[in-house]
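Heads up: the protein sequence lines correspond to chains U and F, in order.
Just so we're on the same page, my numbering is the position in the first sequence counted from 1, plus 42.
Just so we're on the same page, my numbering is the position in the second sequence counted from 1, plus 42.
2 protein chains.
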Amino acid sequence: MRTSQNRVMDCLKPCSASYVPLSPISFLEIAASVYSDRVSIIYGDTRYSWRQTHDRCLKLASALSQLEVGSNDVVAAVAPNVPALYELHFGVPMAGAVLCALNTRLDAAMLATLLEQLQAKTIFVDYQFLEAVLQALEIVSFAKTKPLTLVLIPKSDHETSSTAERLPPGSLNYNRLLDLGRADFQIVRPEDECNPISVNYTSGSTGKPKGVVYSHRAAYLNSIAGIFRYDMSKKTVFLWTVDMFRCNGWCLTWAMAALGGTNICTRLVTAKAIFKAISLHKVTHFCGAPALLNFISEAPFEDQLQLDHKVEIIVAGALPPTQVLTKIDKLGFNISHGYGMSEALGPVTVRPWKHDAAAKVELVEGNHNLVMEEIDVKDPVTMASVPPDGKTIGEVMLRGNTMMSGYFNDLKATQKAFKGGWFRTGDLGIRHPDGGYIQLKDRACDAIVSGGEIISTIEVEAVVVGHPMVMEAAVVGKPDDLLGETPCAFVKLKERCSVSSEEIVKFCMKRLPHHMAPKTVIFGNLPVNSTGKVQKFVLREKAKAIGNLAN
Amino acid sequence: MRTSQNRVMDCLKPCSASYVPLSPISFLEIAASVYSDRVSIIYGDTRYSWRQTHDRCLKLASALSQLEVGSNDVVAAVAPNVPALYELHFGVPMAGAVLCALNTRLDAAMLATLLEQLQAKTIFVDYQFLEAVLQALEIVSFAKTKPLTLVLIPKSDHETSSTAERLPPGSLNYNRLLDLGRADFQIVRPEDECNPISVNYTSGSTGKPKGVVYSHRAAYLNSIAGIFRYDMSKKTVFLWTVDMFRCNGWCLTWAMAALGGTNICTRLVTAKAIFKAISLHKVTHFCGAPALLNFISEAPFEDQLQLDHKVEIIVAGALPPTQVLTKIDKLGFNISHGYGMSEALGPVTVRPWKHDAAAKVELVEGNHNLVMEEIDVKDPVTMASVPPDGKTIGEVMLRGNTMMSGYFNDLKATQKAFKGGWFRTGDLGIRHPDGGYIQLKDRACDAIVSGGEIISTIEVEAVVVGHPMVMEAAVVGKPDDLLGETPCAFVKLKERCSVSSEEIVKFCMKRLPHHMAPKTVIFGNLPVNSTGKVQKFVLREKAKAIGNLAN
Chain U
43 MRTSQNRVMD CLKPCSASYV PLSPISFLEI AASVYSDRVS IIYGDTRYSW RQTHDRCLKL
103 ASALSQLEVG SNDVVAAVAP NVPALYELHF GVPMAGAVLC ALNTRLDAAM LATLLEQLQA
163 KTIFVDYQFL EAVLQALEIV SFAKTKPLTL VLIPKSDHET SSTAERLPPG SLNYNRLLDL
223 GRADFQIVRP EDECNPISVN YTSGSTGKPK GVVYSHRAAY LNSIAGIFRY DMSKKTVFLW
283 TVDMFRCNGW CLTWAMAALG GTNICTRLVT AKAIFKAISL HKVTHFCGAP ALLNFISEAP
343 FEDQLQLDHK VEIIVAGALP PTQVLTKIDK LGFNISHGYG MSEALGPVTV RPWKHDAAAK
403 VELVEGNHNL VMEEIDVKDP VTMASVPPDG KTIGEVMLRG NTMMSGYFND LKATQKAFKG
463 GWFRTGDLGI RHPDGGYIQL KDRACDAIVS GGEIISTIEV EAVVVGHPMV MEAAVVGKPD
523 DLLGETPCAF VKLKERCSVS SEEIVKFCMK RLPHHMAPKT VIFGNLPVNS TGKVQKFVLR
583 EKAKAIGNLA N
Chain F
43 MRTSQNRVMD CLKPCSASYV PLSPISFLEI AASVYSDRVS IIYGDTRYSW RQTHDRCLKL
103 ASALSQLEVG SNDVVAAVAP NVPALYELHF GVPMAGAVLC ALNTRLDAAM LATLLEQLQA
163 KTIFVDYQFL EAVLQALEIV SFAKTKPLTL VLIPKSDHET SSTAERLPPG SLNYNRLLDL
223 GRADFQIVRP EDECNPISVN YTSGSTGKPK GVVYSHRAAY LNSIAGIFRY DMSKKTVFLW
283 TVDMFRCNGW CLTWAMAALG GTNICTRLVT AKAIFKAISL HKVTHFCGAP ALLNFISEAP
343 FEDQLQLDHK VEIIVAGALP PTQVLTKIDK LGFNISHGYG MSEALGPVTV RPWKHDAAAK
403 VELVEGNHNL VMEEIDVKDP VTMASVPPDG KTIGEVMLRG NTMMSGYFND LKATQKAFKG
463 GWFRTGDLGI RHPDGGYIQL KDRACDAIVS GGEIISTIEV EAVVVGHPMV MEAAVVGKPD
523 DLLGETPCAF VKLKERCSVS SEEIVKFCMK RLPHHMAPKT VIFGNLPVNS TGKVQKFVLR
583 EKAKAIGNLA N
């Protein structure tokens with residue numbers, strides 16, 4: 043007997059009319075048809091329409107396929123935010139391949155390690171970074187046994203013959219390569235939307251960089267979610283200040299095609315370039331590391347500009363001091379603060395920065411978080427959610443469709459990260475009673491355990507930077523025979539300022555429970571990685587060395 | 043030997059941290075956590091927060107599951123746009139079941155046919171429509187052999203005991219049913235995102251209504267796409283003028299939860315109710331059939347209101363005359379015009395109406411069409427795209443992830459609709475050279491073939507309604523021995539107007555190629571279906587009868 047269940051199911055087999063594997067490739071195809079004449083990219087004197095960008099990406103895909111780059115091959119790129127790197131974000135997946143845009147600040151040795159890991163047959167390299175890549179290729183072993191193609195991205199979009207003599211045989215010029223491509227190329231769409239579209243390396247602040255694999259599905263959904271998250275519209279003019287090699291530019295490479303907005307590419311991110319782009323192109327959004335805010339705030343007066351339209355800056359990472367934020371706010375910028383990581387394809391949540399909120403520690407609000415399924419704070423052993431009591435510390439965990447597929451060629455690390463069916467961020471947090479807001483307390487590996495108490499270094503740092511002479515501060519645990527660890531503050535003072543370590547300690551004692559106040563204060567510059575994150579593992583080593591000296 | 047391909051694939055198996063079947067259920071869960079205290083629904087004196095709506099839907103799901111409603115069972119509902127019907131949009135899928143909201147204007151016989159087809163064990167009925175449903179249940183046969191539960195939605199949200207004596211044994215009151223539900227119910231999420239979430243019947247303007255099955259995936263993606271399409275934001279206050287039984291309220295039932303916006307429910311859609319809601323609740327959006335525009339334009343002066351904020355009206359169907367549109371535009375409303383159908387989950391494309399565009403025939407622009415993969419005009423036999431020459435007629439075809447899964451229990455109709463891997467809309471259109479815009483020419487079944495030429499009845503109608511005395515017009519083919527068919531115009535004149543059929547014919551002759559001008563003109567009211575669409579099949583019968591009389 044047929045039940046109603048069978049009946050409903052009768053007609054349900056997805057077919058090509060009703061099911062298309064989700065992929066950001068679709069965004070470019072729709073943009074070419076719907077927004078065909080609108081400006082897609084501005085880069086110096088170069089301007090493309092969405093139709094042109096589509097056609098260039100199609101030819102790129104065709105040329106790659108002629109080079110026998112195909113299904114799931116990794117194509118590496120070492121380039122700044124130039125149109126070629128934007129085009130690779132579509133052209134590589136349209137050939138069925140996987141894009142890995144590498145950090146341009148890596149040295150030859152690290153580049154070699156990653157290229158070896160990726161087994162990238164094809165490497166796109168901007169002329170500025172050619173030397174480092176050539177050095178890296180001297181080191182790698184797979185390049186000697188396998189045919190390898192180097193594609194040089196020249197300074198200008200019209201140049202077809204530069205520095206050819208320095209390139210290994212078989213190398214190509216990017217613009218020449220495009221000429222090889224056929225305009226009638228049949229796009230290789232992913233058979234399964236969970237297939238990889240890209241690999242993004244973590245900055246490796248806690249160890250060696252890990253290759254984070256993104257799927258077409260996750261990239262598609264995160265692009266759409268990003269439009270909400272960053273309050274974007276068809277009128278968005280996006281200035282490329284965030285590196286495209288960071289989570290594929292927070293997936294905004296693809297999102298901009300979905301919107302049919304305009305990309306402003308720039309080789310160099312300086313305050314001058316930012317202000318010029320704002321006034322020339324009416325930029326509406328830019329984003330990146332908080333260092334951007336320092337750039338703008340410290341720009342010479344003649345470079346600064348009072349804004350005549352709304353400009354959104356979204357930053358992810360530790361915010362600079364309130365004075366900096368207030369100054370930028372007064373220039374007319376809207377600042378938002380994001381929380382995220384490479385594994386979650388960039389910022390997961392974003393919230394507007396407000397004057398009155400500056401004193402508070404970062405809140406993770408599920409704002410505009412349309413596609414990430416759940417954000418929770420859990421006991422990492424029992425996996426129970428912590429009570430929303432504003433004090434029980436747990437680990438921030440995420441799950442949802444805008445999550446990485448896993449780590450490149452590292453099943454063990456993937457399984458560890460996804461243990462229990464959630465992505466373990468390694469961040470410690472608490473839940474507040476009102477609406478269950480999450481407040482970050484520390485990185486699990488940074489927190490100090492002193493006399494059995496967990497001390498949030500973020501909270502101590504917030505107090506230290508409150509001292510009027512302090513520019514920046516980072517707090518780590520210093521080994522202590524009695525208490526296990528004690529807080530040790532590394533402090534960078536403002537220019538022409540001077541203060542004793544005793545005064546800093548006293549200042550903190552007044553404002554914090556005694557066990558949380560730093561017992562040691564060390565003055566100097568703070569070591570940062572390529573993202574601008576303070577390298578606490580370096581400071582921990584220093585604190586340990588000092589401890590040993592003292593003993 | 044391991045290739046790079048294996049390596050990338052190593053870490054790619056989706057797990058519960060990185061893959062969650064897409065379902066609108068997620069929107070309600072996120073709304074309850076992120077927008078917990080914001081107002082979800084206003085209905086008269088009743089107000090709910092998103093937390094409360096979530097809890098009520100959860101209890102509804104729990105109660106349904108206690109009634110043994112489960113995986114893929116169809117739950118039917120016959121109700122106006124009251125909170126209960128909104129809650130059913132989440133509660134039913136959260137129990138794993140499939141919602142079918144039926145047209146409240148169906149008579150008992152048609153209701154019986156559809157209930158029988160659906161084999162719906164559980165029927166929610168609003169007190170206003172109880173009589174029709176009770177009559178329908180007298181007719182159906184499956185109700186006699188299977189246990190059936192009728193759930194009465196009373197007039198007020200607090201009423202728990204009304205008209206109980208008229209209900210069959212085993213019937214329940216909606217508010218009582220919610221009380222049975224457990225707040226700790228475990229949501230039954232779809233195992234596969236392509237599983238059905240709802241069935242929506244077509245209005246059946248061309249034949250008997252067909253049950254269109256929507257998947258969780260399509261509903262989820264169309265909800266998100268709708269936010270762009272209708273230019274919505276977190277601040278959206280949505281007035282329920284479109285029936286929730288039409289494509290699940292164009293999927294805006296679910297989209298409103300994704301936004302955390304506010305739903306204004308109303309039992310009766312009148313101009314007075316619309317203006318009252320706008321002034322009381324600062325409504326930002328409402329939508330539905332073009333009849334809405336006539337409502338507003340014809341509202342008594344004392345009911346009308348000069349708007350002090352932006353209000354978007356989106357209508358889908360044949361637009362009323364320019365005078366009506368201009369009047370509404372002057373009141374301060376923004377009018378947008380959508381093109382779509384039940385099979386595409388509602389409007390596929392939406393474009394703003396402009397004064398100067400009123401003379402043109404509807405353009406299907408891919409505006410905000412983020413998730414529908416492709417819209418094309420094709421030769422229905424060869425499946426080749428028509429050239430963008432502004433004249434070659436083809437059939438408008440669609441494919442993408444916001445398409446129905448198929449027709450309920452009708453594999454043959456599904457296969458016919460999806461033949462060749464595209465959904466065949468049955469609409470005729472052409473492509474324009476500029477950006478390939480699509481212009482609708484006619485329904486394939488409405489077009490007139492006269493002396494071998496295809497005549498677009500839409501184009502003839504546009505000319506006829508241009509006559510200053512004409513209010514509405516519909517043109518159909520009248521059988522003709524010589525030419526096959528000739529155009530026959532059915533015309534409704536404006537009040538206190540009078541004109542001869544000869545004059546209408548002459549008026550058209552001046553403005554159209556002679557073969558396109560109507561040869562016959564008949565005055566009177568036009569028959570419309572429940573959506574307000576003119577029933578051309580009725581007019582064709584009339585035209586045929588006249589033809590026979592004449593012969």
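Beta carbons are placed, not taken as given, at the ideal position from N, Cα and C, and that holds for glycine.
Owing to the predicted nature of the structure, the values given are computational and were not obtained by experimental measurement.
Listed by chain order, chain F residues near residue i by CB distance under 9 Å
i: U:Glu415; result: Val62, Ser68, Glu71, Ile72
Residue range of the beta strand (DSSP E) that includes residue i
i: F:Ser104; result: Taken as a continuous stretch (DSSP letters only), F:Ser104 belongs to no beta strand (DSSP E), being part of the alpha helix (DSSP H) at 92-108.
i: U:His379; result: 375-383
i: U:Ile417; result: 416-420
i: U:Val76; result: Per DSSP, U:Val76 belongs to no beta strand (DSSP E); it is in the alpha helix (DSSP H), 67-76.
i: U:Ala534; result: The amino acid occupying residue 534 of chain U in the given sequence is Lys; Ala does not appear at that position. Here the beta strand (DSSP E) through U:Lys534 covers 526-535.
i: F:His557; result: Here F:His557 belongs to no beta strand (DSSP E), and DSSP marks it neither H nor E.
i: U:Cys236; result: Counting along the chain, U:Cys236 falls outside any beta strand (DSSP E), and DSSP gives it neither H nor E.
Neighbour list for residue i in chain F, Cβ cutoff strictly below 8 Å
i: U:Arg441; result: Ser58, Ala59, Ser60, Val62
Proximity below 9 Å, CB of residue i to CB of residue j
i: F:Pro332; j: F:Ser65; result: no
i: F:Ala585; j: F:Val505; result: no
i: U:Cys99; j: U:Gly138; result: no
i: U:Gly359; j: U:Lys575; result: yes
i: U:Cys598; j: U:Val563; result: Residue 598 of chain U cannot be examined here, being either before or after the span of chain U that is shown, 43 to 593.
i: U:Leu387; j: U:Ala515; result: no
i: F:Ile435; j: F:Ser498; result: yes
i: F:Val116; j: F:Ala162; result: yes
i: F:Leu160; j: F:Gly86; result: no
i: U:Val230; j: U:Ser68; result: no
Cross-chain neighbours of residue i in chain U, by beta carbon under 7 Å
i: F:Met445; result: Ala59, Ser60
Boundaries (first-last residue) of the alpha helix (DSSP H) holding residue i
i: U:Ile165; result: Premise fails: U:Ile165 lies in the beta strand (DSSP E), 164-168, not in any alpha helix (DSSP H).
i: U:Asp149; result: Per DSSP, U:Asp149 belongs to no alpha helix (DSSP H) and is neither H nor E.
i: U:Arg224; result: Looking at the DSSP string, U:Arg224 is not in any alpha helix (DSSP H), and its letter there is neither H nor E.
i: U:Gln177; result: 172-181
Contacts of residue i in chain U (Cβ-Cβ under 8 Å)
i: F:Leu597; result: No answer is possible for residue 597 of chain F: it lies beyond the span of chain F, which begins at 43 and ends at 593.
i: F:Leu190; result: Ordered by position in chain U, no residue passes the 8 Å Cβ test against F:Leu190, which lies about 12 Å from the chain.
i: F:Leu347; result: Within 8 Å Cβ-Cβ: nothing; F:Leu347 doesn't reach chain U, min ~28 Å.
Per-residue contacts from residue i into chain U (C-beta, under 9 Å)
i: F:Leu179; result: In chain order: nothing, as chain U lies at least about 17 Å away.
i: F:Leu102; result: What F:Leu102 touches in chain U: nothing, since even the nearest Cβ is about 20 Å away.
If contact means a Cβ-Cβ distance below 9 Å, which residues of the stretch 255-269 of chain F contact chain U? When C-beta distances to chain U are compared with 9 Å, the residues of the stretch 255-269 of chain F below that value are Val255, Ser257, Arg259, Ala260, Leu263, Ile266, Ala267, Ile269, in chain order.
Residues, ordered as in the chain, of the stretch 222-254 of chain F that lie near chain U by beta-carbon distance below 7 Å: Flagged, chain order: Cys236, Pro238.
Across the stretch 478-497 of chain F and the stretch 524-531 of chain F, are there enough close Cβ pairs to call them in contact, namely three or more that are closer than 8 Å? Yes: the two stretches touch, three or more of their Cβ pairs being nearer than 8 Å.
In chain order, what residues of the stretch 293-311 of chain U put their CB closer than 7 Å to some CB of chain F? Within the stretch 293-311 of chain U, the qualifying residues are Ala300.
Three-pair Cβ contact test at 8 Å for the stretch 373-380 of chain F versus the stretch 412-419 of chain F: The stretch 373-380 of chain F makes no contact with the stretch 412-419 of chain F: fewer than 3 CB pairs, one atom from each, lie closer than 8 Å.
Below 7 Å between beta carbons is the criterion; list the residues of the stretch 450-477 of chain U that meet it against any residue of chain F, in chain order. Residues of the stretch 450-477 of chain U with a C-beta atom less than 7 Å from some C-beta of chain F are Phe450, Asn451, Asp452, Leu453, Thr456, Phe460, Gly463, Trp464, Phe465, Gly477, listed in chain order.
Sufficient close CB pairs (3 or more, under 8 Å) joining the stretch 262-275 of chain F to the stretch 119-135 of chain F: No, the stretch 262-275 of chain F does not touch the stretch 119-135 of chain F.
May I ask you to list, following chain order, the residues of the stretch 424-440 of chain U that have a beta carbon less than 9 Å from some beta carbon of chain F? Answer in chain order: Met439, Leu440.
Report yes or no: do three or more beta-carbon pairs, one from the stretch 426-442 of chain U and one from the stretch 458-473 of chain U, lie closer than 8 Å? Yes, the stretch 426-442 of chain U touches the stretch 458-473 of chain U.
Using 8 Å as the Cβ pair cut-off and three pairs as the minimum, do the stretch 458-469 of chain U and the stretch 166-181 of chain U touch? Output reads no: the stretch 166-181 of chain U does not touch the stretch 458-469 of chain U.
Using a Cβ-Cβ cut-off of less than 7 Å, list which residues of the stretch 116-131 of chain F approach chain U; keep chain order. Among the residues of the stretch 116-131 of chain F, those with a Cβ less than 7 Å away from any Cβ of chain U are Val116, in the order of the chain.
Any contact between the stretch 295-303 of chain U and the stretch 70-81 of chain U? By contact I mean 3 or more CB pairs, one from each, below 8 Å. Yes, they touch.
If contact means a Cβ-Cβ distance below 7 Å, which residues of the stretch 206-221 of chain F contact chain U? Using a CB distance below 7 Å, no part of the stretch 206-221 of chain F faces chain U.
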